[in-house]
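Read through the structure below, which is laid out as structure tokens, and then see the notes.
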Amino acid sequence: MQLLHIDSSVLGGNSVSRALSAEIVVRQAALRPGLKVVYRDLAADKALHLSAEHIAAWQGGLVNDANLGADLAKGNAYLDELFAADLIVIGAPMYNFSIPSQLKAWIDRVVVAGKTFRYGPNGPESLLPKNKKVFIASSRGNFYGSGTPSAALEHHESYLTGVLVFIGLSDVTIVRAEGLALGSAQKEAAIGLARANIAAMAA
875 MQLLHIDSSV
885 LGGNSVSRAL
895 SAEIVVRQAA
905 LRPGLKVVYR
915 DLAADKALHL
925 SAEHIAAWQG
935 GLVNDANLGA
945 DLAKGNAYLD
955 ELFAADLIVI
965 GAPMYNFSIP
975 SQLKAWIDRV
985 VVAGKTFRYG
995 PNGPESLLPK
1005 NKKVFIASSR
1015 GNFYGSGTPS
1025 AALEHHESYL
1035 TGVLVFIGLS
1045 DVTIVRAEGL
1055 ALGSAQKEAA
1065 IGLARANIAA
1075 MAA
């Protein structure tokens, strides 16, 4: 069994989402002896943002730029890792009400018509193997749940889960730490609750 571990925070050792995603991986490895882990740090090893040159290359155009060629190879590796993974753990902090641009760049490489989905007579169909499980380590400075004053600004978990479901990844568990910017007591409580939820995970 293989696990794909993705981090996207730019905060390094100060990142809550990184700490939680790492704990999820440790928990899943404890539940599944022999689990192979493949790690991608999207902040340390950035993909280029999607461009007209990428689209042209996907349509069969010549690739004469070394940086573009390397980035296309990276995108192919992202796809291979996604197809091979049975479990996917994504560290996803909220930046300006959505996901980090580094994580969006990964999405732009793996949500590809003819690769991970196709349009059939009844709409989009996943081309990924079935029964993959996704865990999202979500961190947010404020509260964005239904009924909160900031709910209309939540384009973070809703966007990420929507994209995953679109390509057939519908078994998604969110481990959330929020209100992190609202004082040390709230931050400690939020992280403690998230860690308790991770510790309670079953196989």
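Note that our numbering has the sequence shown beginning at 875, numbered continuously upward. Beta carbons are placed, not taken as given, at the ideal position from N, Cα and C, and that holds for glycine.
Inset, instruction - Could you say which of Pro974, Ala904, Ala1064 lies nearest to His923 if we only look at CA atoms? - result: Pro974
Legend entry - Enclosing beta strand (DSSP E) for Glu999 [first to last residue]: 997–1000
Inset, instruction - Give the DSSP-derived three-state secondary structure of Val1039 in the structure shown. - result: helix
Legend entry - Whole runs of the alpha helix (DSSP H) within the segment 1022–1070, excluding any shorter than 4 residues: 1031–1040
Legend entry - As assigned by DSSP and simplified to three states, the class of Phe991: strand
Legend entry - Among Lys910, Ser925, Glu897, the one whose alpha carbon lies nearest that of Gly965: Glu897
Inset, instruction - Report all residues from its chain with a CB closer than 7 Å to the CB of Val822; omit the five preceding and five following residues, and keep chain order. - result: A question about residue 822 goes unanswered here, because the residues of the chain that appear run from 875 up to 1077.
Legend entry - Start and end residues, alpha helix (DSSP H) containing Tyr913: Element bounds for Tyr913: not the alpha helix (DSSP H) but the beta strand (DSSP E), 910–915.
Inset, instruction - Mark Val1049 as exposed unless 16 or more other C-beta atoms lie within 10 angstroms of its C-beta, in which case mark it buried. - result: buried
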